Structure formats: C-alpha cells, structure tokens
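**Student:** Shown below is the structure under consideration.
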Amino acid sequence: MALVTCKLCRKLYNNVTFAKKVCPDCARRLDDLYSDVRNYLRDNPRAKFNVEDLSEKLGADVRDLESLVELGYLNR
1 MALVTCKLCR KLYNNVTFAK KVCPDCARRL DDLYSDVRNY LRDNPRAKFN
51 VEDLSEKLGA DVRDLESLVE LGYLNR
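The opening residue of the sequence shown carries number 1 in the numbering used here; numbering runs sequentially from there.
Okay, structure coming up:
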C-alpha cells in the first residue's frame, strides 16, 4: 500500500491496486460522467464534437473528460 496523489483533485490516498491514478471519490465522479458521456454519444451519433463542446453540453470539467480518455474509459 502506498500514498499517492490523486491526478485530478491532488488529495493523498492509499493506493492498493496501482491501476488507477485517481482517488476513490474522483473515480466515482468519473464513473458517473462516463455514463453521461456514453448516453450523449449514443443519442447524438452524427454530432461533431470536441472536449470543449462536450464539457459545455454536459456541464463537466474538461480535465475530467480528458481523464476518461487517458484512463481508457473512452477511445479517441
């Protein structure tokens, strides 16, 4: 077990798995955001968008959306 700094909120947390780079609170927030992003993309399959557009439409932080891609939730 090691103390690690969360990539998003910069809080220290105990990392048991070393798989994620975010704390449990941020991981839950990203899981919820992933559901919203997935639903938006499914409902708007022909829409052209970028991270800023998704951020505006979903009311999400750009860093969170970028983290979804970096952590493998979304493919580019």
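Beta carbons are placed, not taken as given, at the ideal position from N, Cα and C, and that holds for glycine. All values derive from a computational prediction rather than experimental measurement.
Please report the residue range of the beta strand (DSSP E) in which Y13 lies.
**Tutor:** In the sequence shown, residue 13 corresponds to position 13, counting from 1. Its beta strand (DSSP E) spans residues 12-15.
**Student:** Hey, how far is the Cα of P45 from the Cα of C6?
**Tutor:** Position 45 of the sequence shown, counted from the start, is the residue given in the question as residue 45. Position 6 of the sequence shown, counted from the start, is the residue given in the question as residue 6. Rounded to whole angstroms, P45 to C6 spans 33 Å at the Cα level.
**Student:** Rounding to the nearest angstrom, what Cα-Cα distance links D43 and L54 in this structure?
**Tutor:** Stepping through the sequence shown from its first residue, residue 43 is reached at position 43. Stepping through the sequence shown from its first residue, residue 54 is reached at position 54. Approximately 13 Å between the Cα atoms of the pair.
**Student:** Measure the Cβ-Cβ separation of L58 and D36 and say whether it is below 7 Å.
**Tutor:** Within the sequence shown, numbered from 1, the residue matching residue 58 stands at position 58. Within the sequence shown, numbered from 1, the residue matching residue 36 stands at position 36. It is a contact, given that the beta carbons lie within the stated cut-off.
**Student:** Assign V22 to one of two classes, buried (16 or more other C-beta atoms within 10 Å of its C-beta) or exposed (fewer than that).
**Tutor:** Your numbering for residue 22 matches position 22 in the sequence shown. With 16 or more Cβ atoms within 10 Å of its Cβ, V22 is classed as buried.
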